[in-house]
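These protein sequences, in sequence, are chains A and B. FYI, the numbering used here numbers position 20 of the first sequence as 20, with every residue one higher than the one before it. FYI, the numbering used here numbers position 73 of the second sequence as 217, with every residue one higher than the one before it. Even for Gly, the Cβ is constructed at its ideal location relative to N, Cα and C. Predicted model only: the values in this text are computed from it and were never measured. What follows is one structure encoded as structure tokens, with my remarks underneath.
Number of protein chains: 2
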Amino acid sequence: MFSKACEYGIKASIFIALNSLEHRRVGPKEISKEINSPEAFTAKILQALVRNNIVNSIKGAHGGFEIDKKDIKTIMLADIVNAIDGDNIYKGCGLGLQQCNADKPCPMHEKFKLVRAELKNLLESTDLESLALDIKLGESFLKN
Amino acid sequence: MFSKACEYGIKASIFIALNSLEHRRVGPKEISKEINSPEAFTAKILQALVRNNIVNSIKGAHGGFEIDKKDIKTIMLADIVNAIDGDNIYKGCGLGLQQCNADKPCPMHEKFKLVRAELKNLLESTDLESLALDIKLGESFLKN
DNA sequence: TGTAAAGAGGACAATTTTGTCCGAATTAAA
DNA sequence: TTTAATTCGGACAAAATTGTCCTCTTTACA
């Protein structure tokens with residue numbers, strides 16, 4: 001479904017949000033430990049998230065990653081997925097046709113529309129705040 | 145969503161079914177032309193479909209690929225996806241957690257369940273016959 | 001029985017994804 | 001002003017996926 005990079009990116013964003021709610025900066029070492037991902041690869045993904053204005057980085061000693069508190073409730077899963085995997089997963093054809101619409105549909109088109117719509121809804125209606133709060137309350141987890 | 149191999153495998157199966165309904169065998173050359181896929185790679189995928197008892201192959205002169213007419217309505221998309229990509233796409237966790245369930249859910253678990261259910265329904269309720277008939281009626285297409 | 005047409009399968013190559021390492025730049029604090 | 005803790009970015013490496021090619025075997029038919 002999502003690439004590994006995207007999975008790590010989503011989990012990292014949630015973990016950073018969780019800490020930013022308490023004014024704590026975190027670095028790749030702590031992040032990769034808490035989301036169970038390879039550290040150097042995670043650092044690369046964090047760079048991409050920074051370039052896409054999803055997280056802020058503070059360089060130098062006492063630096064790290066954070067998300068502006070006011071942004072935590074407006075950043076959606078769709079923003080993160082878009083930044084890393086693009087929108088093909090929730091906008092593209094299930095069989096990879098470049099043109100696939102009601103006029104010239106692939107064989108799965110009608111039924112796949114429902115899957116895509118459900119996924120689109122999930123990504124566009126879920127913000128980082130609600131995800132981070134669930135973690136905080138111990139109602140969901142970032143690793144096994 | 146699906147791998148390229150799986151996309152080609154689905155399209156190839158539909159095209160073979162379509163032709164088997166009219167007692168015509170087809171080979172990798174014709175298949176790859178009609179589904180717009182690389183021929184040699186498609187041939188490899190056909191081998192996998194044969195090994196998984198989804199299509200039959202007839203070797204030698206006048207050989208080719210076909211699907212038993214009686215099987216065309218009982219082979220589901222899920223069978224093809226399973227044979228090539230496995231079932232993780234419609235059974236696994238959206239964030240890649242090995243264990244992800246109501247007891248220890250990932251942050252997306254609740255909402256992602258709906259996506260997975262919709263996808264599972266699509267794959268398990270769609271048979272090759274209906275897909276092939278749509279193509280035959282000109283109501284859907286295997287390539288642009 | 002010879003030959004041409006076809007699938008099977010192994011080896012290989014190209015590309016993409018995943019992952020690592022290291023030097024340079026930046027910054028806080030001693 | 002030096003030092004240590006950081007992020008950034010490029011180069012590199014490993015693994016997975018995608019794709020190609022060639023030989024062997026099987027088979028129908030002349």
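Close Cβ partners of residue i (< 6 Å) along its chain, the five nearest in sequence each way excluded
i	result
A161/B	I211, I216, L272 and A276
Y152/B	S181, T186 and I189
T126/A	L77
N88/A	none
Three-state secondary structure (DSSP) of residue i
i	result
D68/A	coil
S37/A	coil
S157/B	helix
S201/B	strand
D87/A	coil
D103/A	coil
Own chain residues within Cβ distance below 8 Å of residue i, not counting five before or after
i	result
V50/A	N56, S57 and F65
R206/B	Residue 206/B is actually His in this sequence, not Arg. For H206/B, where only same-chain residues beyond five positions count, the Cβ hits under 8 Å are R169.
N19/A	R25, V26 and E66
S157/B	L193, I198, V199, I211, I219, I224 and L272
Own chain partners of residue i with C-beta closer than 7 Å, once the 5 adjacent residues on each side are dropped
i	result
C100/A	C93, C106 and H109
P172/B	E183, T186, A187 and L190
S32/A	P38, E39 and T42
E268/B	M220 and A222
Residue i versus the options, residue with shortest Cα-Cα distance
i	options	result
L95/A	F285/B, E166/B, G171/B and K235/B	F285/B
A192/B	I154/B, V170/B and K177/B	I154/B
K59/A	L137/A, L123/A and R25/A	R25/A
L165/B	I279/B, K287/B and Y234/B	I279/B
A5/A	E124/A, I84/A, H23/A and K69/A	I84/A
D223/B	N288/B, K235/B and N197/B	N197/B
K69/A	E124/A, H23/A, K143/A and N144/A	H23/A
T74/A	K143/A, L137/A, E139/A and S130/A	S130/A
E283/B	E30/A, G86/A and A102/A	A102/A
Integer Cβ distance of residue i from residue j, believed to fall under 8 Å
i	j	result
V201/A	F15/A	With chain A covering 1 to 144 only, the question about residue 201/A has no answer from this structure.
Y234/B	L263/B	5 Å
L266/B	K111/A	5 Å
N288/B	L97/A	6 Å
As an exercise, report each continuous alpha helix (DSSP H) stretch of at least 4 residues that is fully enclosed by the segment 91-142 of chain A, in chain order.
109-125 and 128-136
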